[in-house]
Every structure is written in structure tokens, then in C-alpha cells.
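So the sequence shown is residues 47 to 181, counted in the numbering used here.
Think of the CB as a built atom: it goes at the ideal place given N, C-alpha and C, for glycine as much as any other residue.
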Amino acid sequence: DKFGRNYVSNDGLFELFGRYEVERYMEYNTNNFSRIFDPLSYLYIVKAINTFNLSRGYDSLHDAILRIKANVHLISFSSDYLFFPSEMEHIVKMMKRNGQSHSYLEVQSDYGHDAFLVELDKFEENIREVLRVKR
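And the structure:
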């Protein structure tokens with residue numbers, strides 16, 4: 047695990063102002079995000095992600111995926127607990143069974159969902175290649 051239960055303190059374990067490493071990491075990123083992005087737009091993006099359902103309006107996820115005509119490239123991160131690799135693999139299996147054009151890369155990472163922000167070097171060339179290939 048990236049953070050485990052590591053505690054970072056200034057004066058001692060029970061002092062009021064110490065915190066866990068993950069809290070420090072989240073505070074750092076929150077401060078950076080608010081300088082780069084409009085916080086309100088971030089809330090809308092989070093809401094959209096949390097409420098999105100690809101199969102909404104269709105009888106099943108399979109029916110929704112069956113309508114895709116584009117070349118699809120999926121990337122997952124081994125430690126991502128927001129978008130599980132198993133979910134991507136399920137979509138890949140459906141597309142393969144349907145004969146739909148797709149590619150898939152699972153990136154090994156210990157950074158969870160943030161891997162796409164901090165380990166670009168692990169998948170950047172793969173994206174470049176996908177964009178170069180004409181299908």
C-alpha cells in the first residue's frame with residue numbers, strides 16, 4: 047500500500063495537528079487542484095462520474111456496448127478502487143465476443159486511482175501508439 051497507516055506528526059502521536067500520510071497527500075492535491083481547476087467544475091465532474099451508468103436507457107450493459115461503432119481503447123490501473131480492472135476486463139470480454147474493435151492495457155501501479163496523474167510514463171507510449179494506428 048502506498049500510505050498504509052503511517053502517521054506523520056509534529057510533536058507526538060497524540061498531538062492534535064498530526065495526520066496520516068494519506069491525509070497530507072490529499073490536502074496537498076486538494077490545494078493544487080483548487081489552483082489549477084475551478085472547484086465547482088470538479089464537483090460537477092465527480093457528480094457526473096458517480097451517477098454515470100453506460101447501460102441507462104438500454105436493456106443491459108451488453109446492449110449498450112453492442113451499439114459502439116468506434117475503436118475503443120481501455121486502460122485500467124491494478125490498484126484503482128474507483129474503476130476496478132475487473133470492470134474493464136468485463137467490457138473487454140463483451141467487446142471481444144461481439145467482434146468489436148478494442149484494445150486494453152492494465153497498468154501495474156501502487157498509486158490507485160491517482161496512477162493516471164503520477165505515472166504517465168507507464169502508459170503514455172501506449173496511448174501514442176493507439177492514436178497513431180489507423181484502423
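For residue 163 and residue 133, the gap between their C-alpha atoms comes out near 20 Å. In the DSSP secondary-structure assignment, residue 148 is bridged to 118. Closest option to residue 135, judged by alpha-carbon separation, among 90, 121, 114: 121.
Nearest in C-alpha terms to residue 167, of all of 127, 178, 154, is 154. Between the C-alpha atoms of residue 91 and residue 84 there is a straight-line separation of about 11 Å. With fewer than 16 neighbouring CB atoms inside 10 Å of its own CB, residue 156 falls in the exposed class. For residue 179, the three-state secondary structure derived from DSSP is coil.
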